[in-house]
Structure formats: C-alpha cells, structure tokens
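Chemist:
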Amino acid sequence: MSLFTRSRQPLDTAEGGADSEDDTGGAGVAGEASGATEEAGTASDEGAETADGTETASDEGADSTEAVAAERDEGVEAAEKADGTEEAADAAETADPAERSDSPPPGWFGWRRRYPRTARGVTMGTTVLAGALVLFALLVPNRLERLGPEAFFRLPAEGILLAGLLLAVPPRSRRLMSVAAGALLGLLTVLKFVDMGFYSVLARPFDLVLDWILLDDAAEFVRESFGRTGQVLAVVGVIVLVVAVLVLMTLATVRVTNLMVGHRAVATRTTLILGTAWITCMTLGIQIGGVPLATKGNADFVNNRIEQVQAGLKDGRVFEKQAAVDAFAKTPPDQLLTGLRGKDVLFTFIESYGRVAIDDPAMAPQIDSVLKEGTNSLKAAGFQSRSAWLKSPVTGAGSWLAHSTFLSGLWIKNQQRYRSLTTSDRATLGSYFRKTGAWRTVGIVPGVRRAWPEGKFFALDHIYDSEHLGYNGPYFSWTPVPDQFSLEAFQRLEHGKKNRDPIMAEIILASSHNPWSPIARMTDWDELGDGSIFNQIKKEGTDPKEVWKDPERVRTEYRHAIEYSLHSLTEWVERYGTDDTVLVFLGDHQPVPTVTAGSTSKDVPVTIVARDPKVLDKIADWNWTDGLKPAENAPTWGMDRFRDRFMTAYGPRGD
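In case it helps, our numbering puts the sequence shown at residues 1 to 655.
(1) Assuming residue 400 contacts residue 638 (C-beta within less than 8 Å), just tell me the rounded distance between them.
(2) Does the region 412 to 429 touch the region 608 to 628, meaning 3 or more C-beta pairs lie closer than 8 Å?
(3) Taking residue 465 as the reference, give the member of 292, 475 and 445 with the closest Cα.
(4) In three-state terms, what does DSSP make of residue 391?
(5) Rounded to the nearest angstrom, how far is the Cβ of residue 279 from that of residue 559, given a contact under 8 Å?
(6) Of all the alpha helix (DSSP H) runs that stay within the bounds of the region 270 to 329, which reach a length of 4 or more residues?
(7) Can at least three beta-carbon pairs, one atom from the region 498 to 518 and one from the region 425 to 444, be found at a separation below 8 Å?
(8) Please state whether DSSP places residue 582 in a helix, a strand or coil.
(9) Under 6 Å Cβ to Cβ from residue 649, same chain only, skipping five residues before and after it: list those, please.
(10) So, helix, strand or coil for residue 526, using DSSP?
(11) Would DSSP call residue 643 helix, strand or coil?
(12) Tell me which residues share the same chain as residue 652 and place their Cβ nearer than 8 Å to its Cβ, disregarding the 5 neighbours each side in the sequence.
(13) Tell me whether residue 514 is buried or exposed, calling it buried when 16 or more other Cβ atoms sit within 10 Å of its Cβ.
(14) What first and last residue would you give for the alpha helix (DSSP H) that runs through residue 558?
(15) When we look at the beta-carbon of residue 311 and count the other beta-carbons within 10 Å, is it buried (16 or more) or exposed?
(16) Please report the residue range of the beta strand (DSSP E) in which residue 347 lies.
(17) Contact between the region 564 to 583 and the region 538 to 556: three or more CB pairs below 8 Å?
(18) Is there contact between the region 512 to 528 and the region 456 to 465, where contact requires at least three CB pairs shorter than 8 Å?
(19) For the putative contact between residue 627 and residue 392, defined by C-beta atoms under 8 Å, what is the C-beta separation to the nearest angstrom?
(20) For residue 246 and residue 318, I'd like the C-alpha separation in whole angstroms.
(21) On the three-state DSSP scale, how would you describe residue 385?
(22) Within a Cβ cutoff of 6 Å, which residues of the same chain sit near residue 572, ignoring the five residues on either side of it in sequence?
(23) Taking a contact to mean a Cβ-Cβ separation below 9 Å, would you say residue 469 touches residue 458 in this structure?
(24) Is residue 203 closer than 9 Å to residue 584 when the C-beta atoms are compared?
(25) Using the C-alpha atoms, what's the distance from residue 194 back to residue 205?
(26) Can you name the start and end residues of the alpha helix (DSSP H) that residue 444 belongs to?
(27) Between which two residues does the alpha helix (DSSP H) holding residue 353 run?
(28) Where do the N-terminal and C-terminal ends of the beta strand (DSSP E) with residue 131 fall, by residue?
(29) Taking Cβ to Cβ, would you say residue 517 is nearer than 9 Å to residue 477?
(30) Go through its chain and collect everything with a Cβ distance to residue 500's Cβ below 8 Å, but skip five positions before and after it.
(31) Would you please verify whether the beta carbon of residue 272 is less than 9 Å from any beta carbon of chain C?
(32) Under the DSSP definition of a beta bridge, which residues are partnered with residue 501?
(33) Can you grab the Cα-Cα spacing for the pair residue 483 / residue 221, in whole Å?
(34) Out of 133, 431, 647 and 201, state which residue places its alpha-carbon closest to the alpha-carbon of residue 144.
(35) Check residue 610 in the structure and name its three-state DSSP category.
(36) Going by C-alpha distance, which of 154, 349, 326 and 382 is nearest residue 287?
Quick look at the structure:
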C-alpha cells in the first residue's frame, strides 16, 4: 500500500468521502478502488461499519473493489482476532493467496503484500525523495559558484503559489496541471544545468535563440580532447540525463500533488503559513548567509529568458543596419593603406591571451618577465613596440567571433551575426589589403581541420590549415600544430620566399587553446623538421584529465601555454623579421572562468611591432604604452573599432 492509501481518517468524517475521492483523483483513500461500481463502494462502507469502528477496517473497506471487498471482510475478521493491532492489519493484507486466486496481486507484483512494512518504508522514502527533487528544481541556481547549502534554505514563491493552485483546482484540471508543472520544472532544471556549463566556459548564460550551434562545437571539442569514445559517451550521457530529469521531475510533481490532496487540511494550512512567511521575509529583507530567505528566482529566470529571446529575434535587424555603414567602402584602392605599402603586415591572434595573464597576481610575475625579455630582445634586434587593450565580444571561447570582429569592424557577439557577416559583402582588413592589389593575402590557420568556406569571405588568397603546414607530429589535446612549428611553416611556405610580393597574413596561434595540457615547449628552430620531434615533447607533458581536477593546476598550465606562445612569436620576429615586417598581435578573448577566477573583464592585450620608426610614428596619437606589456591605464577600445582606426592611421589622412 502506498503512503497515501494508508492515511487513516476517523469514521465521523465519512460523509466527506465522496469529495475526497474526487479530490485525490485515485491517489487518496479511494486510489485502489478506481473503476469500482457503486455497489462495491456500498459494500466497502458496510465492511467498515462491521469493523468495530477501527481505522484499519475503514481504510481497507474504502479501498476495495467488489471482489476485493469480500476479501477485505475476511481480513478484517483476522484483524479483529488480533485485537485490532497493526499486525492484524498486516495479516488482513497478507491473507491466504489461495483464497483470493481470482484477484490480481496488489501493487509491485505482490511484493507489497508479502512485505508490507518494507513496502510502506519504500513508499514513504519515495515520497520524501519526490519532495526533495521538486524543492531542488525550485531552488537550484544556474551558476556553479552559487551552488551552496544556503541556496536551498529559501522560500520559493513559485512553489508556494503552485501548491495553492493545485489544491484549489478541480481534480481533472489538477492532474493536467501537475503533469505540466512537473515537465516545466524539468525543463527549467535542464536549462539551469546548461547555464552552469556556459557560465563555466563563456561566462554567460545559454542563448535559447542563438547558441544551439555551439552544442555541436562542444561535442567536437570533447572529441578532440578525449577521443571519439569520449565524445559518444558524453553525448549519450547528456541525452540520458535530460530525459531522466524530465521524467523524474514530472513523476515527482504528480506524487507530491497526490500527497497534498490526500492531506488537504494540513497542506492548505502549511501553504498559507509559508505564503505569509514569504511575504514577511521579502518585506523585511531577511537573509541567511547573505542570501535572501524569500526568493522569486524562477520567475526572474523565466523573465530574463523571455527578454533574451526577444532580443535575439530583433538582433538580426539591428546588425543589418550596422553592417550597412562602412567608412571605407567608396575609398579608391590607390588611397587605401598607403602608409604600409611594401610592408609585410602580420595580424596574429594568440588564443585565450587575456588580461588575466598580465594582471592576476599568481601569473603576473612570470608573464611580466616574458614580456620584458621579449621587449628587450626585440629592441636589441632593432624593433620597437606599442601596446594597449581591446575589449573582446566574447570570453572563454568563441575565437572566430573575436577574429571576425577585429577584421570586419563590426561587433560579432553571436553565431547569428557571424553567419550574417560571412554571407555578406562586408569588407574586412583582408579585403582592403587585397583590393589595393599590393599584397598577397594568406592565412595560417592550424586550428582548421575541415572545410572552411568562410575563408573566402576573409579575402585570403591562400589558406594553410592543419593538413597543409607539413606537420607530422602529434596533437597537443585540441591543438593540432604547435605555435613554433606554425610560424616556422609560415616562414618556409610564404615569408621566406625570394622575389615575392608583400604579404598580409592572418596567423592563428593555437597552442594556448583550452585545455592547456599537454603543452609544447620551445626547441631549436633548426631541429623542427617535420614536427616528429614533438612526439617526445608530448610524452613529457601533463595529462589534461589530471590537470583539470585542480583549478590551480589549470591556471598554472594556462600560464605556461601563454609563455610558450609569446616566446614562439618574439623569437620568430628576432629570427626572421626584417625592416619591412609589421606585426600586430593580440589575444582573442579571456580564458574560461576557472582561470579568470571571478574576473568579468573582457579585455585582451594588443601590440604593434615594427623596425621602421615611421610605422609607429603614425600611431603616436593613440597614446599606447611602449613595449609588449600594456600599462594598466593604457587606452581600451572595443575590438570592433580597431579596423577603422588602423586604416585611418595608415591611409592618406594618416600620412
């Protein structure tokens, strides 16, 4: 017998039995008699009256069908012989099965009849778990850092309101409402879990309109980091988890609803008390551990999502208007980038090179040493440098959004904008360099391992992806080609050729890409060969599964990765740079929150390096910091503003 069917009511409340049957919808006293005839109900009432007014006979008589009523009478007689004790009730439930061969075993294939005490315990435990699950769904936050004990010691306004509605509506509507409420709670819980992941990686919630494509990218990242088997297990696990949450939350809500209806008076009083307590706590602003005791978090959560969806649907029209404005669209080719004619201009992105690497006290000393060393060694080679900050549209991931923002002069903050951009005729930096006819445009993109049709949009005459750099070494987790080899390949394939045209290159350095383990290390440039030397270097590296068990180790490995990328780039300039080399390098976004440790900044460093003093003279009014390290108070621009400022500085107006 379930917990609900064993709740005992005094006989003097029998006149409310009909109403109770309707209200419980089969979950209360009449739950086991669904479908019984009126005569069976009368017989059960008579059975209750002959049981000397005991609660057990009343319950058993009210729960039986016509066939079961007779059997219950026999059970009652057994109960009377046992002096009306609970053991007698158990004896009534476990009467000789042979005498009841025409009736099906009640519940759990007869197990409940054979082990009534255990069955009651299981029923009660299941009910408690159902209540805990519903409470969890109502109170769980959508960010891991808020997932503490204090989050679950609150009064949810939505739960109190839902309880009141379920108690007030008619039985049939109640059933539908409880199922719908359970499904909705399940969906909200799943969305909160997804938000936890997005906040952990991108420092923002999941966008219901624009982020679905990122789930495919996440699966691809898992495959690259943990192999095909790991990817399949992760995808299957996510699907099973989502289905389980939806089903269990619906069943739990229905069960809690039945419990409330079975104890209507207590449930009503409790709901009124909790409602009064919520209003009081909200009015007085009562808190526990800095967390308000009264909350309407789910209502706010849903409202924010509605606003997010509305903004996402409007964003396309807003972006279309922004993309239509281009200050250089009608500039004649011979007036574009005149201050850089004859120079090799290299736009280089260092993956995840964010402000945290320079400002965080745990990383600053080591990174500062690398930047000072790079500044001095470049100066010794005749190069000068200027640095500042750019604000990226993304953080944690989404490098392509940052790259396209920097190159197009538009704020590309989501995948919808990226798709709109790459299918438009908007000119990028590469487009304007190509338009002049004075540069060959190339891309060094070791992170690209499959077709990349967007490459045509960025106006690159030739693209070298991971399969065309001549690398025969191992992957370093996500990173297909170490940075030092990518730069050496650029020298071999393009920059080192004689009698060539000036080059404009877009170079992506991917060694500092999450998960930062294992990391390549610098080796002799002359010994790089086909990259086979990196097999041994990888074996000496760390295991990402072990590293990610400890946030501090993650931060340490991130710092090592940034150091490696900076060393690779500065050494390449020292080794291969010329009087005509102009290097612009920057981070694309901040790393994941595990590394930023609570920082909400989206700033990344940007640096221009050149040997020709005229190149840096043209940006003297930018007030950037001397050297590779930007000062804390150095100018900070939106990344989308760089294109136009750069083209202005090196166009006719900047000459």
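Every residue gets a Cβ at the ideal spot worked out from N, C-alpha and C, and that includes glycine.
Modeler: From the atom records:
(1) On the sequence shown, residue 400 is found 400 positions in, with the first residue counted as 1. On the sequence shown, residue 638 is found 638 positions in, with the first residue counted as 1. No, residue 400 and residue 638 are not in contact; Cβ-Cβ is about 18 Å, not under 8 Å.
(2) no
(3) Translated into positions along the sequence shown, residue 465 becomes position 465. Comparing Cα positions, the closest option is 445.
(4) Position 391 of the sequence shown, counted from the first residue, corresponds to residue 391. DSSP places residue 391 in strand when its eight states are reduced to three.
(5) Stepping through the sequence shown from its first residue, residue 279 is reached at position 279. Stepping through the sequence shown from its first residue, residue 559 is reached at position 559. That belief does not hold up - the Cβ atoms of residue 279 and residue 559 are roughly 51 Å apart, past 8 Å.
(6) 297 to 323
(7) yes
(8) By 1-based counting over the sequence shown, the position of residue 582 is 582. Reduced to three states, the DSSP call for residue 582 is strand.
(9) Reading the sequence shown from its first residue, position 649 is the one you call residue 649. Excluding residues within five positions, the ones whose Cβ falls inside 6 Å are 618 and 619.
(10) For this step, residue 526 is matched to residue 526 along the sequence shown. Looking at residue 526 - three-state DSSP - the assignment turns out to be helix.
(11) Position 643 of the sequence shown, counted from the start, is the residue given in the question as residue 643. Note: residue 643 maps to helix in three-state DSSP.
(12) To locate residue 652, count along the sequence shown from 1; it is residue 652. Here the set comprises 335 and 338.
(13) Working through the sequence shown from its first residue, we reach residue 514 at position 514. Label assigned to residue 514: buried.
(14) Residue 558 sits at position 558 when you count from the first residue of the sequence shown. Unbroken alpha helix (DSSP H) run through residue 558: 551 to 576.
(15) Looking up residue 311 in the sequence shown gives position 311. Looking at its Cβ environment, which holds fewer than 16 other Cβ atoms inside 10 Å, residue 311 is exposed.
(16) Here the question's residue 347 lines up with position 347 in the sequence shown. Counting along the chain, the beta strand (DSSP E) containing residue 347 begins and ends at 344 to 350.
(17) no
(18) no
(19) The residue given as residue 627 occupies position 627 in the sequence shown. The residue given as residue 392 occupies position 392 in the sequence shown. Not confirmed; about 22 Å, so no contact.
(20) Translated into the one-based positions of the sequence shown, residue 246 becomes position 246. Translated into the one-based positions of the sequence shown, residue 318 becomes position 318. Going by the C-alpha atoms only, they are around 36 Å apart.
(21) For the purposes of this step, residue 385 is taken as residue 385 along the sequence shown, with counting starting at 1. Strand, per DSSP.
(22) Locating residue 572 in the sequence shown gives position 572, counting from the first residue. 487.
(23) Residue numbering aside, residue 469 sits at position 469 when the sequence shown is read from its first letter. Residue numbering aside, residue 458 sits at position 458 when the sequence shown is read from its first letter. No. Outside cutoff.
(24) Locating residue 584 in the sequence shown gives position 584, counting from the first residue. Locating residue 203 in the sequence shown gives position 203, counting from the first residue. Result no, Cβ atoms of residue 584 and residue 203 do not sit closer than 9 Å.
(25) Numbered from 1 along the sequence shown, position 205 holds the residue referred to as residue 205. Numbered from 1 along the sequence shown, position 194 holds the residue referred to as residue 194. Their backbone Cα atoms lie some 8 Å apart in a straight line.
(26) Taking the first residue of the sequence shown as 1, we reach residue 444 at position 444. Looking at the DSSP string, residue 444 is not in any alpha helix (DSSP H); the run it does join, the beta strand (DSSP E), is 440 to 445.
(27) Residue mapping note: residue 353 aligns to position 353 of the sequence shown, counting from 1. Here residue 353 belongs to no alpha helix (DSSP H), and DSSP marks it neither H nor E.
(28) The residue given as residue 131 occupies position 131 in the sequence shown. Unbroken run through residue 131 is the alpha helix (DSSP H), 116 to 139; no beta strand (DSSP E).
(29) Your numbering for residue 517 matches position 517 in the sequence shown. Your numbering for residue 477 matches position 477 in the sequence shown. The answer is yes: Cβ separation under 9 Å.
(30) As a first step, residue 500 is located in the sequence shown; it is residue number 500 there, counting from the start. Once the five neighbours on either side are set aside, the close Cβ partners of residue 500 are 440 and 494.
(31) In the structure shown, chain C does not exist; there is a single protein chain.
(32) Walking along the sequence shown from the start, residue 501 turns up at place 501. None, per the DSSP bridge assignment.
(33) Your numbering for residue 483 matches position 483 in the sequence shown. Your numbering for residue 221 matches position 221 in the sequence shown. The straight-line gap from Cα to Cα measures roughly 19 Å.
(34) Indexing the sequence shown from 1 puts residue 144 at position 144. Nearest C-alpha to residue 144: 201.
(35) Position 610 of the sequence shown holds residue 610. Three-state result, residue 610: strand.
(36) Mapped onto the sequence shown, residue 287 falls at position 287. The option with the nearest alpha carbon to residue 287 is 154.
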